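Undergrad:
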Amino acid sequence: DYVKTARSKGLSEGAVNIRHIFRNSLISVVSALGFTFVALVAGTVVTETVFSLPGIGRLVVESVLRRDYPTIQGIILIIAFLYMLINLLVDLSFALLDPRIRYS
310 DYVKTARSKG LSEGAVNIRH IFRNSLISVV SALGFTFVAL VAGTVVTETV
360 FSLPGIGRLV VESVLRRDYP TIQGIILIIA FLYMLINLLV DLSFALLDPR
410 IRYS
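Written out as structure tokens, the structure reads:
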């Protein structure tokens, strides 16, 4: 309805796209990107194991095979912290993108 109203007011198609359509769709895009980034970090285990690349994913696999529990706990803490940080940044970006969402 707001797009029809903006067009009926005589706004150009570019202004309607950027101010109304694009801005309102950004919340869904940012939310999906946050979860995609978390899945990307989790996917490093498979990628680094298959291609024999050095990294945190390969370290996880080697630590599990060697039963190196302190290393596994440290990696889990790092990944959990990244997950919480990404979700916090996504939530804070919601407040910037949509003025109706305010955190007090």
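Per my numbering, the very first residue in the sequence shown carries number 310; after that it's consecutive.
For every residue, glycine included, the Cβ atom is placed at its ideal position computed from N, Cα and C.
For clarity, every value in this text was computed on a predicted model and none was experimentally measured.
Exposed or buried, which one is Val369 when buried takes at least 16 other CB atoms within 10 Å?
TA: So Val369 counts as buried.
Undergrad: Please name the residue in Pro379, Leu391, Leu401 whose C-alpha comes closest to that of Leu349.
TA: Of Pro379, Leu391, Leu401, the residue nearest in Cα terms is Leu391.
Undergrad: What number of angstroms, rounded off, separates the C-alpha of Ile410 from the C-alpha of Phe344?
TA: Cα to Cα, the separation comes out at about 20 Å.
Undergrad: Could you tell me if Val355 is buried or exposed, where buried requires 16 or more neighbouring beta carbons within 10 angstroms of its beta carbon?
TA: Exposed is the call here.
Undergrad: With DSSP as the reference, label Arg376 as helix, strand or coil.
TA: Arg376: coil per DSSP, three-state reduction.
Undergrad: Hey, Ile327 and Phe403: beta-carbon distance below 8 Å or not?
TA: The answer is no: Cβ separation not under 8 Å.
Undergrad: On the DSSP letters alone, give me the boundaries of the alpha helix (DSSP H) that Arg316 sits inside.
TA: Run containing Arg316: 311-317, per the alpha helix (DSSP H) assignment.
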